[in-house]
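Chemist: For the sequence shown, numbering that gives the first Met the number 0 assigns the number 0 to the initial residue and increments by one for each residue that follows.
The beta-carbon is built from N, C-alpha and C at its ideal position, and this holds for glycine as well.
Here the structure is a predicted model, which means the values were calculated and not measured.
To start, I am sharing the structure in question, which I have written as structure tokens.
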Amino acid sequence: MFDIGFTELLVCLIVALVVIGPEQLPGTVRTVGLWIGRLKRSLRDTREEIERQIGADDIRRQLHNEEIMQNLEATRLQLEQSMREAEQAASINPAEQTPARAQQYGPPEELPDHAHIDEVKPVPAPSATETSTTTSKSGTGN
Numbered sequence: 000m001f002d003i004g005f006t007e008l009l010v011c012l013i014v015a016l017v018v019i020g021p022e023q024l025p026g027t028v029r030t031v032g033l034w035i036g037r038l039k040r041s042l043r044d045t046r047e048e049i050e051r052q053i054g055a056d057d058i059r060r061q062l063h064n065e066e067i068m069q070n071l072e073a074t075r076l077q078l079e080q081s082m083r084e085a086e087q088a089a090s091i092n093p094a095e096q097t098p099a100r101a102q103q104y105g106p107p108e109e110l111p112d113h114a115h116i117d118e119v120k121p122v123p124a125p126s127a128t129e130t131s132t133t134t135s136k137s138g139t140g141n
């Protein structure tokens, strides 16, 4: 708070020695120290008494408890919402869980018997004359 260096303190002591005198200087310093101590104690006691009267500790504690209660209430509401959503999801029939697009088309149709044949017919390879004509046609590109 006060920026008093050694030189300023030395100047104050010399002025006090000249004004008060060397005989009364130690008693005066002692008295000033006592008064400063009493003032500090008085201010501390006053502050504690004011805090005690307004209940500052109780107010701080109550505000902290209210904040905790709000957090607990918010968590409880979130948990209840999650439980409601889970109950609703569990109560839906599996048929109702299918997407709307699947319900729109209905069940899959049975394929005819000839579609299940595992025979693969070989595809004939192109002849040399067919390959040269297809490459020359594609090579022109106009």
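Quick check: what's the CA-CA separation for Gly140 versus Glu109?
Modeler: Here Gly140 scores only 49 on pLDDT, less than 50, and its place in the model should not be relied on; the value that follows carries that caveat. Cα-Cα distance, rounded: 46 Å.
Chemist: Measure the C-alpha to C-alpha separation of Asp2 and Leu8 and round it to an integer number of angstroms.
Modeler: Whole-angstrom Cα-Cα distance: 11 Å.
Chemist: At the level of alpha carbons, what is the spacing between Gly36 and Thr45?
Modeler: 14 Å
Chemist: Rounded to the nearest angstrom, how far is the Cβ of Leu16 from that of Leu24, given a contact under 8 Å?
Modeler: 6 Å
Chemist: Going by DSSP in three states, Pro21 sits in which element: helix, strand or coil?
Modeler: If DSSP states are grouped into helix, strand and coil, Pro21 belongs with coil.
Chemist: If I follow the unbroken alpha helix (DSSP H) through Asp2, where does it start and stop?
Modeler: Note, Asp2: premise wrong, no alpha helix (DSSP H); not H, not E.
Chemist: Alpha carbon to alpha carbon, how far is Asn64 from Arg29? Give it in angstroms, no decimals.
Modeler: Cα to Cα, the separation comes out at about 48 Å.
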